[in-house]
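As structure tokens, the structure follows; a few thoughts come after it.
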Amino acid sequence: MYLKINGISDSAQNNIILGIDIGSTTTKLVLIENDEVIFCSYERHLLQVRQKTLDLVKKAESFLRGRNLKVAISGSAGLGLARATGIPFVQEVFATGETVKRLAPDTSVAIELGGEDAKVIFFEGSIEERMNGSCAGGTGAFIDQMASLMNITNEEMDRLSLNHKRIYPIASRCGVFAKSDIQPLLNQGASKEDIAASIYAAVVNQTIAGLAQGRRIKGKVMFLGGPLYYCLGLRQAFVEMLKLGKENAVFPEYARFAVAIGACIYTAKQQGEYTYEQLCNILEDATSETTQTSRLRPLFNNNSEYEEFKTRHSKASLETIDPNNYDGDAYLGIDCGSTTTKLVLMSADKRILFSYYDSNKGNPLEIIREQLHKLYNICGNKIKIMGSAVTGYGEELIKHAFHIDTGIVETMAHFNATRHFNPEVDFILDIGGQDIKCFKIRGDAIDSIMLNEACSSGCGSFIETFAHSMGHNVEDFAKLGLFAKSPVDLGSRCTVFMNSSVKQAQKDGATVEDISAGLSVSVVKNAIYKVIRANSASDLGENIVTQGGTFLNDSVLRSFELEIGHNVIRPQIAELMGAFGAALHARSLNLPQSSILTPDELNRFTHTSKSVNCNGCTNRCFLTINSFQNGERYVSGYKCERGAGNGDAVSSEVLPNLFHYKREKIAGLSHISGKRGRIGIPLALGMYEMAPFWTEIFSKLGFEVVLSGFSSRKLYSKGQYSIPSDTACYPAKIMHGHIEELIEREVDVIFYPCLTYNFDEKTGSNHYNCPVVAYYSELLAGNMDSLKKTKFLYPYLFINKPKELAKGLYKCFFDDYGIKLTEIRRAVDAGYVAYDKWMQDIRAKGLDAIEYARKNSRRVMILASRPYHIDPEIGHGIDKLASALGFVVVSEDSVASLTTPAQVDVINQWTYHARLYNAAKYATEHADTELVQLVSFGCGIDAITTDEVRSILERGGKLYTQIKIDEITNLGAVNIRLRSLLGALEQKSRKSRKGDLLLKG
Amino acid sequence: MAKSNRVIFTKAMKKNYTILIPTMLPMHFRMFEKILRTYGYNAVLLDDRGKNIKELGLRYVHNDTCYPALLVIGQFIEALQSGNYDENKVALLLTQTGGGCRASNYLALLRKALAKAGYPQVPVISFNVVGMEKNPGFKITLPLLHRLMYAAFYGDLLMLLRNQCKPYEINSDESERLAERWTDTLTAQMAQNRILYKKVKENYTAIIKDFESIPKRTENKIKVGIVGEIFVKFSPLGNNHLEDFLFSEGAEVVMPGLVDFCLYVVYDGIVDYKLYNIRWLKSVLTSIVYKIFIKKQQDIIDLITKNSSFMPPTSFEKTRTLTKDYIGLGAKMGEGWLLCAEMLELVEQGVNNIVCTQPFGCLPNHIMGKGMMKPIRERHSNVNIVAIDYDPGATNINQENRIKLMLSNAKERQYPDTENQSQKKEETLAGV
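Protein chains in written order, with the working numbering: chain V, 1243 to 2243; chain Y, 6 to 437.
Have a look at this one:
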């Protein structure tokens, strides 16, 4: 790399300037002499920060020896070393700014992606710098993670991405979110080219949404940092999504070294010099940093403890039998999990004939084909497969591809397997690659199911990626942890945060051993305190069974036992439990013969996939069409009831669905043109309920009311650039798109009032809105530049006194429109009438739906949420999924008034919350009614309601199911959860029928 | 409705129960503790340095709940588990503000946590002035409030002066020690005597003069303002000792005081009437309180101006008007419009470098904090704000790195000449 930076070296002193940039994954070093870069180096440091820096300095020895050196350290992982050595430190974003200002002063915006950091610097006007928040996972590390998930190298991923045909929406908030989007895509057979490009697009999205924060990226944009230097696909994604012309997208040769060069520029102005020997010595001696990270007790104090532990766990084994010594019937169970594929072939007497467990390498179909092939060879003519069942993420695909007899929801499969193992079991904890599943069992039935929310998943695979990043494979890495002297305490929050915790621990001198053990403890704590939300071991149960691939890791198992304070059972086939449970299920079907592909058919098996857009409805889902040898097809990716497992066979019975009804009703609001112009109302947040109210008022006042319509992904991206707080809930963030939509429709004025108080329904102690619903207009007014051109009215109004509301509106509308108070009063009165009628109708429809359910023996599901969750984009069509599973769906507002107000232990002062509590109470009063709570990610207030709704339901003997949703939601996981609920309900009712029979007997 | 069977703090309990108070503002709360003691409550201020606070908070409070709740409850549970208090002779005191922010539910969350942790018998006392939950054994009387009010004024004054002296003091720790000495003197005074406003003003003057006489260096330090959600703004436990960190980086900290927040809460009682014509009586009563506070705040401002060269706090009456064209005074959940007002107040005072602290995912802060930064930047091109999120998973290193970036910018803006000079020097050298 040749680079000249004028006026940086001080020619009188004849020294060398040394800039060291220590990022989260790499160390960069730049030497400058006489204004010219004479040496540079870029290497991964595998978290060995000090050593690597020393190595690089030594590598440059020939340049450095005998010279005076000016040195500065920069970079997110460099601070500790700078402190320990006393070498000047310069903040890395600041350093980048120095470089750009010096080398390309006409730059408008610089975007720098590092290993785990993303930064944007705006140069025009007042300089503004942005760094990714603590929530946003890394970028370079994120790309690494995704590549390893797809089992390809970064280079391959880059190459593949250039040939993509389409982009799938992938959550860009953090790696874990994205993973749960990518995994189903892989499992459904989407092409790697498309996924690779989608991953890059997600990074771009994250940069725009998370960092631009309301400021547009335009003008001359410079791209810096390692990933943007190496990945052509990523570059292309940025250029395309930012709509940059060729002259405005700059990819400088020094992209990777911008920070190190900035460090040089900074230190050139500073005092203090080093000789080569001095520099080496202080780097050598910098080891004695004080330890700040708190430490935990070792997992095992000595080898004999470990031996005892191993012996104890070896007892929980299942009998295997050599297939050569067996002939007769057999049952096949397949567990096509998110990252691994498992197969079990079980004999008629439930012994294991064959098993398989490995990573699915992004292509489960091929692996299963291979294994079936092997299996058929083993079986020959003497072992006959009489039944087969598949479970896991890939259930539908595998079932169609290989003609498996049946599918079973994974929770039930695991329960089957565990029961076989230990009939006394009262608690099962399963930690897989992506999921944590817990079941409590009471009286032979699943009593409650807890699954991890998308934000904390990725536990098993997290350890794996971490192991790789530190240069180990996962088995060795786990073993290292067993005898760690003082495991680091990494906390129990979302695994994504651990990246920075580990960084800190490393800085504080933790060894790889300590980190390995610390990660295991952390995964366990995450499961216990975040997912299960248990307080103590007794909360979990007496007979605890742990399973799932992650528990094969002895460090994790031991951490779990230590954390809960007593021993648990880990079946020797912990990783195969799903497959074993599926095999048991297949056996219980008692089929005359299995439909699974015959050996001949298997030999002819081929599979191709392509992606298309569905034209069935406005959702325009991305579909993946899988085609098999005999012309059969399996289509996945539907967001609607077709995706609920029924495939193409949509049931002819249309069940009442209040969500659907409410949507139709809103869509049917009439808009007549009026003399006073067009008033735009964003259909977002509280408007899903208040639209009829305001529509009536403004129609009466002579306005044409223009609603922005239902949301879509596209609508969201329209307003994405102006969102200042990325951690706000999706229903709020989507508001920006609605405003843009209204501006595009050229309305004269946009109206969204500030409402501290909602309607008083007299069921709580107060009737607040949440702060976001109440005041989001203030944020819109301050952050949306496009609003400066359109009149935006957001008065503070009180809607519980018609007189005061009229006065408030009068103050707001008189000046511009000259509307008289009397006229407004009449309109307001009409508004209240319209609103009451609307709500009465919804309540009546709720009653109708319930009556229908009772008449036709259908289960009722209260999808309890807030008004805006009926939106097809925000609610992701979960109501349709529930409907397809056979539930009559009602909303919380339609049933809340059917019971007396619920007694709760919290302050019940939000209108929407009071409805949730009452709806929960209603559910407990009716045997056929279940409640599922939809919670938007980032809804702080729901941290309170969820616990309260849960306790109301549990006190009433009901199951509590919570579904967390965000801008992207993995409907596959939602499906599993709803099916598990259904499975548990069926099991319960079977049991109670049995109980009745016994009683009668 | 929250009429559940909470444990009442009875009159009998007052005699032999210890009442635990969580720490938020170290100086203020030490005075609060002593004042409560003079009213016969055996109050004990909790240590916030416990190692397990976060851990216990995570264990007993829903993890998506805001960080302050986690810390406060963690502090209580740790104290109960420490064995230092008889769990059957201890009560917990927590402030309750009401309003539409979820923080109004801290008490409920605390009770839930207590039940889970095995202390259902421990009474929780709500400290509020709006009559939300009453306990016969704990009466919030006017004289008590009177003293607490002065403690808040004293605390703010001490904090303000200490912050303005500390970075410049020649004898290290002198201002810190002086503040501590005054805290002791003032609490002793309030315990003994009836409060005479004349005496209070004499105290103010003496305090100001004492700080004025601390030997100081004259240099131009970078001033950094701290605003944000009240707990993480003030509590060193909540903000990872932000004040100390900024101080160690060579900055002067400017922290708008607790009185501003009190005034904001009081003012909220008037706003509903002003905007919606509701709650007239409440607004009349609160206006009286409001006026008293404003008068007393003005007295302090005047005394500082008269007796010293220190920068006085901005009058709340002024602060209140600053948000015009930014955010309405009806935005009153959480810190509401005050958060925006305090940023503007700092800018007005010439403090252009601001750390805006908030718990991760704090709902009001999306709007009043992060949502107001763009409009503030647009109208004040000098302003240099950094938003820092706090939560149990966030590491120091990440937060410090961002603050360092803000400081680098601050330095560049404050001393833009250095670079020019060195460049000039280079040019001349090159010319030679």
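For every residue, glycine included, the Cβ atom is placed at its ideal position computed from N, Cα and C. In this text the structure is predicted, and so the values were computed from the model without any measurement.
- At the C-beta level, threonine 2153 of chain V and phenylalanine 2001 of chain V come within 8 angstroms of one another.
- In summary, threonine 1509 of chain V is buried, with 16 or more beta-carbon neighbours lying within 10 Å of its beta-carbon over all protein chains present.
- Around asparagine 1490 of chain V, the same chain offers Gly1461, Lys1462 and Val1463 as residues with beta carbons nearer than 7 angstroms, after the five sequence neighbours per side are excluded.
- Nearest to lysine 171 of chain Y by alpha-carbon distance, out of Y:Val259, Y:Leu280 and Y:His151, is Y:Val259.
- For the C-beta of asparagine 414 of chain Y, the chain V residues within less than 8 angstroms are, from N- to C-terminus, Phe1336, Ile1369 and Glu1371.
- Taking the CA atoms as reference points, leucine 1402 of chain V sits about 59 angstroms from tyrosine 2059 of chain V.
- Closest by C-alpha distance to threonine 23 of chain Y, out of Y:Phe266, Y:Ile78 and Y:Val129, is Y:Val129.
- In this structure, the straight-line span from the alpha carbon of cysteine 2054 of chain V to that of glutamate 340 of chain Y is close to 26 angstroms.
- Inclusion of alanine 1726 of chain V and glutamate 1706 of chain V in the CB contact set at 8 angstroms is not warranted, their separation being larger than that value.
- Counting only unbroken stretches of 4 or more residues, the alpha helix (DSSP H) elements lying wholly within the region 1748-1829 of chain V are 1754-1767, 1779-1782 and 1796-1806, in sequence order.
- Within chain V, no C-beta atom comes nearer than 9 angstroms to that of isoleucine 213 of chain Y; the closest sits roughly 37 angstroms away.
- Under DSSP, the beta-bridge partners assigned to lysine 1270 of chain V are V:Asp1263 and V:Tyr1284.
- The Cβ-Cβ distance between valine 2137 of chain V and glycine 2199 of chain V does not fall below 8 angstroms.
- When only Cα atoms are considered, glutamine 302 of chain Y and asparagine 2008 of chain V end up about 33 angstroms apart.
- Between phenylalanine 236 of chain Y and glycine 230 of chain Y, the C-beta spacing is not below 8 angstroms.
- Annotated three-state conformation of valine 1896 of chain V is coil, per DSSP.
- The region 173-192 of chain Y and the region 215-223 of chain Y touch, with three or more beta-carbon pairs separated by less than 8 angstroms.
- Residues of chain Y with a Cβ closer than 8 angstroms to the Cβ of valine 2014 of chain V are, in chain order, Leu368, His371 and Ile372.
- Glutamate 1275 of chain V is bridged by DSSP to V:Glu1278.
- The residue among Y:Cys345, Y:Glu174, Y:Glu138 and Y:Pro241 with its C-alpha nearest the C-alpha of aspartate 215 of chain Y is Y:Glu174.
- From the beta-carbon of serine 109 of chain Y, the residues of chain V found nearer than 8 angstroms are Ile2149 and Gln2151.
- Judged by DSSP secondary structure, alanine 336 of chain Y falls outside any beta strand (DSSP E); it is assigned neither H nor E.
- Contact check for alanine 1439 of chain V and glycine 1475 of chain V: beta-carbon distance about 6 angstroms, within the 8 angstroms limit, so the pair qualifies.
- For tyrosine 1599 of chain V, the three-state secondary structure derived from DSSP is strand.
- No residue range can be given for phenylalanine 14 of chain Y, since it is assigned to no beta strand (DSSP E) and is classified by DSSP as neither H nor E.
- Nearest Cα to glutamate 2115 of chain V within the set V:Ile2104, V:Ser2133 and V:Leu1925: V:Leu1925.
- Within chain V, no residue has its beta carbon less than 8 angstroms from that of arginine 284 of chain Y; the closest one is some 10 angstroms off.
- Across the structure, glutamate 2046 of chain V and threonine 1998 of chain V are spaced so that their CA atoms are roughly 14 angstroms apart.
- Around leucine 2195 of chain V, the same chain offers Ala2162, Ala2165, Thr2166, Leu2173, Leu2201 and Tyr2202 as residues with beta carbons nearer than 8 angstroms, after the five sequence neighbours per side are excluded.
- If you look at phenylalanine 1644 of chain V, you'll find it in the alpha helix (DSSP H) that goes 1637-1644.
- Between valine 360 of chain Y and isoleucine 283 of chain Y, the C-beta spacing is not below 8 angstroms.
- Between the region 1335-1342 of chain V and the region 1495-1513 of chain V there are three or more inter-stretch CB-CB distances shorter than 8 angstroms, so the stretches are counted as touching.
- In the DSSP secondary-structure assignment, glutamate 1397 of chain V is not bridged to any residue.
- Contact of serine 1266 of chain V with chain Y is not assigned, every C-beta pair being separated by 8 angstroms or more.
- For secondary structure counted as the beta strand (DSSP E) over 3 or more consecutive residues, the region 1319-1376 of chain V holds these complete runs in sequence order: 1351-1355, 1360-1364 and 1370-1373.
- For histidine 67 of chain Y, a Cβ of chain V is located within less than 8 angstroms of the residue's own Cβ.
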